[in-house]
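Going down the list, the protein sequences come from chains A and B.
So the number in our numbering is just where the residue sits in the first sequence, counting from 1, plus 18.
So the number in our numbering is just where the residue sits in the second sequence, counting from 1, plus 723.
Scroll down for the structure; my scribbles are underneath it.
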Amino acid sequence: MEEQKVLVEFQDACKTFNNGKIVVLDHFNFSFFQGETHVICGRSGAGKSTLIRCINRLEHIDSGRILFEGNEVTKHNIKRVRQRIAMVFQSFNLFPNMTALENVTFGPIHSLHKSKKEAEETGKQFLEKVGLGDRMSAKPNMLSGGQQQRVAIARALNMFPDMILFDEPTSALDPEMVGEVIDIMEELANEKRSMIVVTHEMGFAREAAHRISFLEGGRFIETNTPDEFFNHPKDESVAKFIKQIQTF
Amino acid sequence: MSLIQMIKFMSSGLVITAELVPLCVLTTLVAGLILGILMYKKIPGLNIILFAYKTFMRGIPAIVILRLLYYNINLSSAFFTAFLGLSLYHAAYVGDIVRGCFEAIPKGQMMAGESLGVGYWTIMRKVYIPQIIKPMVPMLCGQYVLLVKDTTIVYVVGVMDIMWMGRQLMALTFNPIAGYLLIGIFYYVLCALIELIGRRVEKKNDHKGPTRSLSSYY
Chain A
19 MEEQKVLVEF QDACKTFNNG KIVVLDHFNF SFFQGETHVI CGRSGAGKST LIRCINRLEH
79 IDSGRILFEG NEVTKHNIKR VRQRIAMVFQ SFNLFPNMTA LENVTFGPIH SLHKSKKEAE
139 ETGKQFLEKV GLGDRMSAKP NMLSGGQQQR VAIARALNMF PDMILFDEPT SALDPEMVGE
199 VIDIMEELAN EKRSMIVVTH EMGFAREAAH RISFLEGGRF IETNTPDEFF NHPKDESVAK
259 FIKQIQTF
Chain B
724 MSLIQMIKFM SSGLVITAEL VPLCVLTTLV AGLILGILMY KKIPGLNIIL FAYKTFMRGI
784 PAIVILRLLY YNINLSSAFF TAFLGLSLYH AAYVGDIVRG CFEAIPKGQM MAGESLGVGY
844 WTIMRKVYIP QIIKPMVPML CGQYVLLVKD TTIVYVVGVM DIMWMGRQLM ALTFNPIAGY
904 LLIGIFYYVL CALIELIGRR VEKKNDHKGP TRSLSSYY
């Protein structure tokens, strides 16, 4: 890593469900750096999605603190934090009553209070960047899954965020559409954008990630570079997980 | 008594019913929208009150509400008692229709809007409400047709509506068939008008919201 500026920091964060029966974060301490692509993997139900949702307060932690650029994320400053941390969801979550371009400009107009003209100008650029320059006036139900997810990525990019959270962006896609989304994510990683990616796409993790973490029991039991993570895992659970995914 | 004379005799009642219906429709629409949003938000405490109101209104006949208002609350006029009673009664139904339509929208859309830093009410106004109009209109039409028909009972609180005047006419002419036929035609026209407006609104909002599946485009 060239830069080591901490963007998001968890300090002793705890998060449980079902009155403490399900532990998602157990006195979790971790720092995510600016400009890094950080892949989080783990078994289903480990709490990967919840972890990244805690960053922009779509889920609330029970105790501890989450800092963004050194400032605690609270309900008072959450709007400002959300303006700077964009999110791409597993099920796209596009607004079906709006066209692709309207989806992309919704945030800049109603959150950043940019003019429609300005938002559309940059929105068109990002839609072109994700290869959808010719589908700007299409509504989500006229787009394929892969195209919808690319619109969702353009929507995130048009906020000019400091960080993008990806919550299993390819899980709801047909196998032939995964590639088109992964290609864009790899391009973003190469641009040194700060990204936290929850994914099962180990190919992407191997190629594009700067660090990979494995979440289990409410903590990262291993954090390593892709090469070390896949070839020399220190933890037995991680080794078992890698063996399992390599079998498929 | 000729047909023209009969219509003239009933005209004052006709005007009162024609005034009562749009007033109740507008009030229940606004109140129902607010109730629907509040019920959808599930605000602790308020949610229990709204649930009690909804089940109470839906559980008893409109005539009982009107009678309860008439005998227990000394309202200024019979017309206002009828207006308030019917509005309270039907707002509970409209509120539940609105809530149901909101519930049908995937929660992820609210999450996506919030993750962009957009406020709750802006998401409601720009994302949710445009999407619920189309599915809501047929249900609202059905509800408003019922509201129109419920205005036939407002004479029990002393409103001299078309039903009241019809009964007076029947007492004068000893001709219930003509009286009821005239009342029936008036209500038929009123209900048909509501259906027509509903269809127009539905057509106007045809482009909003997901209307066709992806497969229909290929």
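Glycine included, every Cβ here is placed at the ideal spot set by N, Cα and C.
- For the region 816 to 848 of chain B, residues whose beta-carbon sits nearer than 8 Å to a beta-carbon of chain A comprise 829, 831, 832, 834, 835, 836, 837, 838, 839, 840, 841, 842 and 845.
- A distance below 6 Å between beta-carbons, with the five flanking residues on each side excluded, links residue 263 of chain A to the following residues of its chain, in chain order: 220.
- Going by C-alpha positions, residue 806 of chain B is about 23 Å away from residue 762 of chain B.
- Remark: three or more beta-carbon pairs, one from each stretch, lie closer than 8 Å, so the region 782 to 790 of chain B and the region 798 to 818 of chain B are flagged as touching.
- Among the residues of chain B, those whose CB is under 9 Å from the CB of residue 100 of chain A are 837, 838, 839, 840 and 841, following chain order.
- Contact of residue 728 of chain B with chain A is not assigned, every C-beta pair being separated by 8 Å or more.
- For residue 128 of chain A, the residues of chain B that pass the 9 Å Cβ criterion are 836, 839, 840, 841, 842, 845, 846 and 849, in the order they occur in the chain.
- Looking at the backbone, the Cα of residue 214 of chain A and that of residue 51 of chain A are separated by about 10 Å.
- Cβ neighbours of residue 102 of chain A within its own chain (closer than 6 Å, five residues either side excluded): 179 and 180.
- With its beta carbon at least 8 Å from every one in chain A, residue 861 of chain B lies outside the interface.
- Per DSSP, reduced to three states, the secondary structure at residue 52 of chain A is coil, with no helix or strand assignment.
- Around the CB of residue 851 of chain B, 16 or more other CB atoms lie within 10 Å, so the residue is classed as buried.
- Distance from residue 913 of chain B to residue 744 of chain B at the Cβ level is roughly 6 Å; contact confirmed, criterion being Cβ atoms closer than 8 Å.
- Taking the C-beta atoms as reference points, residue 55 of chain A is found no nearer than 8 Å to residue 218 of chain A.
- In the same chain as residue 191 of chain A, and ignoring 5 residues on each side of it, the C-beta atoms closer than 8 Å to its own belong to 163, 164, 167 and 199, in chain order.
- Secondary structure within the region 762 to 850 of chain B: the alpha helix (DSSP H) runs of 4 or more consecutive residues, fully enclosed, are 769 to 782, 785 to 795, 801 to 826, 831 to 838 and 843 to 846 (chain order).
- Judged by their CB atoms, residue 759 of chain B and residue 883 of chain B are not nearer to each other than the 8 Å cut-off.
- At a cut-off of 8 Å between C-beta atoms, residue 853 of chain B counts as an interface residue with respect to chain A.
- The region 860 to 870 of chain B and the region 809 to 828 of chain B touch, with no fewer than 3 CB-CB distances between them shorter than 8 Å.
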